[in-house]
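S.K.: Residue numbers (the working numbering): 17 to 71. Each residue gets a CB set at the ideal place from its N, CA and C atoms; glycine is no exception. The structure follows.
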Ligand code: HEM
């Protein structure tokens, strides 16, 4: 019934940020196995609680 009106803007910002992050840190990778990453289950916004990285 409700949807975030800022969704396209938020996605466009993320696209720019993630491409730039990968450009600046070409060896960036997750420091933890995918199955062991903490997830956020009790928030309105779901997803990873943290994503430890190494480069
Ligand atoms: C990463 C960025 C953002 C996240 C994670 C986010 C998340 C959300 C969430 C979870 C909702 C509730 C949706 C629901 O009721 O089910 C929402 C609603 C809303 N968001 Fe965002 N939002 C983001 C960016 C933005 C931006 C940039 C704007 C404005 C330019 C915006 C404007 C709104 C508005 C007006 C609503 C209310 C929609 C409604 O009640 O019909 N949001 N957002």
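Look at the alpha carbon of residue 41 and the alpha carbon of residue 67, and state the distance between them as a whole number of angstroms.
M.R.: Their backbone Cα atoms lie some 15 Å apart in a straight line.
S.K.: Between which two residues does the alpha helix (DSSP H) harbouring residue 50 extend?
M.R.: Neither: residue 50 is in no alpha helix (DSSP H) and is coded neither H nor E.
S.K.: Give me the Cα-Cα distance between residue 36 and residue 28, rounded to the nearest whole angstrom.
M.R.: One C-alpha to the other measures close to 12 Å.
S.K.: Apart from the five residues just before and just after residue 43, which ones in its own chain have a Cβ nearer than 7 Å to its Cβ?
M.R.: Only 71 meet the Cβ criterion.
S.K.: Measure the CB-CB distance between residue 58 and residue 64 and report whether it falls below 8 Å.
M.R.: Their beta carbons are not under 8 Å apart, which means residue 58 does not touch residue 64 by this criterion.
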